[in-house]
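Note sheet for the following structure.
Number of protein chains: 2
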Amino acid sequence: MRMIAGEAGISVGALYLYYRSKEELCSTVFKGLFNEFRDAIAERTREISDPAEQIRTYIGTYMEMARVHREFIYTFNKDKGFAFGVEWKQKFFVELRRFLNGIIRRGIDEGIFADIEESEATKIVLSVLRGYVVSIVIDPDNLFTADACTDILLNGLVKRRGPQKGADVPR
Amino acid sequence: MRMIAGEAGISVGALYLYYRSKEELCSTVFKGLFNEFRDAIAERTREISDPAEQIRTYIGTYMEMARVHREFIYTFNKDKGFAFGVEWKQKFFVELRRFLNGIIRRGIDEGIFADIEESEATKIVLSVLRGYVVSIVIDPDNLFTADACTDILLNGLVKRRGPQKGADVPR
DNA sequence: GGTTCACATGAACAGGCGTTCATCTGAAGA
DNA sequence: TCTTCAGATGAACGCCTGTTCATGTGAACC
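These protein sequence lines are chains A and B, in that order. Under my numbering, read the first sequence as residues 1 to 171, first letter to last. Under my numbering, read the second sequence as residues 172 to 342, first letter to last.
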């Protein structure tokens, strides 16, 4: 709080005129960022019809947002006092998951995706992205490109046999 | 430190007879766990010849170890004073990455895996697992099965066309 | 019994944290 | 000019942390 006040050019006491507590301050910032995050993903994927391309955009947007706000992530991961806000994080994750789950379900229904377990697939894609966020903070060597990530999640590691519609799912 | 001493049934001072600092204590535990982790993965994958099966085992072992030591992960993620040991974590990650990278490289060389960028693929697989560990702590709803994870990473989301060697890479 | 000494104890210390509140400030109204 | 009061200040408070060190303890040896 002392650092935030200093950075804002006001006193610690003034901070408590606008926010009841550190938790309220952090929650406010977090909620704003969450909305920006969700809106960016929803907006960019809206006009796309191919679920595979939607996932590519979802992944790209997620990673871009994480990079853009890396200072935020870094600060809040390093801050030892930021252990609250769990319920907000949960809601955040649930929304992200539900959205992605819809894309994957549609991909399966349309026969573009394989007959996978949609909820498992959703969690796994989200897990890659969650790992990406962690890497930003503690292991930048593990950062990868959005394209490589999309390609592997869509096509897998194993070599594809037989004819492929390469235009649909470029490697 | 007070909690550890209490749990161990000794005094705080006695803790400092055996460990110079909290950092040294934590590093000791961490190193031991790291070695166990690495040995388990190396041992279980040793006798396997198919790179795809090696990755399946790698993923399964990683997730199992994370689950077995979930209390450890939980504690150390909640503990506000455990921000050091970065260099050890780095070494840990590098070793895990190098090992996995070797498996993937061999898979590509043997024509089992597609012509992917091995270093990117490595990071992506590790990222899924890193996300899994995070989920254990902050979002258990996002936990998935090792089999689903392996299948998606090996086969991808997109439906495979043409003949497949289903026995090799079961969905 | 007396001496020694490795081991063990936990109160005390210094520093950091989020939060409070007596105090100040300066513009607006009388 | 004097009064009022919302807004701003930062020293102080209580709590928690990792760490230290004067003090205690008891087995081993002379």
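C-beta: ideal position from N, C-alpha, C; glycine also. Predicted model only: the values in this text are computed from it and were never measured.
| So with Cβ pairs under 9 Å, would you call A/LYS159 a contact of chain B? | yes
| query | For A/PHE30, which of helix, strand or coil comes out of DSSP? | reply | helix
| request: Give the interface partners of B/GLY303 over in chain A, defined as CB-CB distance under 7 Å, in chain order. | output: Per the sequence shown, residue 303 of chain B should be read as Tyr rather than Gly. Going along chain A in sequence order, the residues near B/TYR303 (Cβ under 7 Å) are SER127.
| request: Counting only the same chain and skipping the five closest in sequence on each side, list residues whose C-beta sits under 7 Å from that of B/MET174. | output: none
| message | Can you tell me whether B/PHE243 is buried or exposed? The criterion is at least 16 other CB atoms within 10 Å of its CB, across all chains shown. | response | exposed
| According to DSSP, is A/PHE144 helix, strand or coil? | coil
| message | Within 10 Å of its beta-carbon, does A/SER135 have 16 or more other beta-carbons around it, so buried, or fewer, so exposed? | response | buried
| Hey, quick one: how far does the alpha helix (DSSP H) through A/ILE48 stretch, first residue to last? | Careful: A/ILE48 lies outside any alpha helix (DSSP H) and carries neither H nor E.
| message | Just to make sure I have the definition right: I need the residues of chain A whose C-beta is within less than 8 Å of the C-beta of B/THR316. Which are they? | response | GLU120
| request: Measure the alpha-carbon distance for A/TRP91 versus A/GLU36 and round it to whole angstroms. | output: Per the sequence presented here, residue 91 of chain A reads as Lys, with Trp not at that position. Each residue's Cα considered, the two are about 15 Å apart.
| Chain-ordered residues of the stretch 22-45 of chain A with a beta carbon less than 9 Å from chain B | none
| task | Using a cut-off of 7 Å between C-beta atoms, extract the partners of A/GLY13 located in chain B. | result | Going along chain B, no residue has its Cβ under 7 Å from A/GLY13, so there is no contact; the nearest lies around 25 Å.
| query | Which chain A residues sit within Cβ distance under 9 Å of B/GLN261? | reply | ILE138, ASP139, ASP141
| request: Return the chain-ordered ranges of every alpha helix (DSSP H) run that is complete within the stretch 226-286 of chain B and spans a minimum of 4 residues. | output: 241-249, 257-280
| What residue from B/TRP259, B/ARG332, B/ARG301, B/GLY282 has the CA that sits closest to B/PHE343's CA? | In the structure displayed, chain B extends from 172 to 342; residue 343 of chain B sits before or after that span and is not available.
| said: Any beta carbon from chain B within less than 9 Å of A/ILE104's own beta carbon? | reply: yes
| request: Output the distance between the C-alpha atoms of B/PRO311 and A/LEU17, rounded to the nearest integer angstrom. | output: 37 Å
| field | Option in A/ILE152, A/LEU33, A/ALA5, A/ARG161 with minimal Cα separation from A/ILE55 | value | A/ILE152
| message | Is the separation between the beta-carbon of B/THR199 and that of B/ARG215 shorter than 9 Å? | response | no
| query | Just to confirm, are A/SER127 and B/VAL299 a CB contact at a threshold of 9 Å? | reply | yes
| query | Going straight from the alpha carbon of B/GLN335 to that of A/LEU96, what length do you get? | reply | Because the pLDDT of B/GLN335 is 48, which lies under 50, any placement of that residue in the model is unreliable, and the number read from its coordinates should be weighed accordingly. Each residue's Cα considered, the two are about 33 Å apart.
| field | Residue range of the unbroken alpha helix (DSSP H) whose run includes A/GLY156 | value | Neither: A/GLY156 is in no alpha helix (DSSP H) and is coded neither H nor E.
| task | With a cut-off of 8 Å on the beta carbons, I'd call A/ARG130 and B/GLY302 a contact; round off their distance for me. | result | 4 Å
| query | Counting only beta-carbon atoms, is A/LEU100 nearer than 9 Å to chain B? | reply | no
| B/ARG331, buried or exposed, once every other Cβ within 10 Å from all chains shown has been counted against 16 | buried
| said: Could you compute how far the alpha carbon of B/MET236 sits from the alpha carbon of A/GLU120? | reply: 20 Å
| said: Does the CB of B/PHE247 have a neighbour CB from chain A at under 9 Å? | reply: no
| field | N-terminal and C-terminal residue of the alpha helix (DSSP H) that B/GLU289 is part of | value | 289-309
| message | Any beta carbon of chain B sitting closer than 9 Å to that of A/SER49? | response | no
| field | Environment of A/TYR146 [buried if 16+ CB atoms lie within 10 Å] | value | In the sequence as displayed, the identity of residue 146 of chain A is Ala instead of Tyr. It counts as buried.
| For the alpha helix (DSSP H) that B/TYR187 lies in, which residues bound it at each end? | 183-189
| What's the call for B/VAL257, buried or exposed, on a 16-neighbour Cβ count within 10 Å? | exposed
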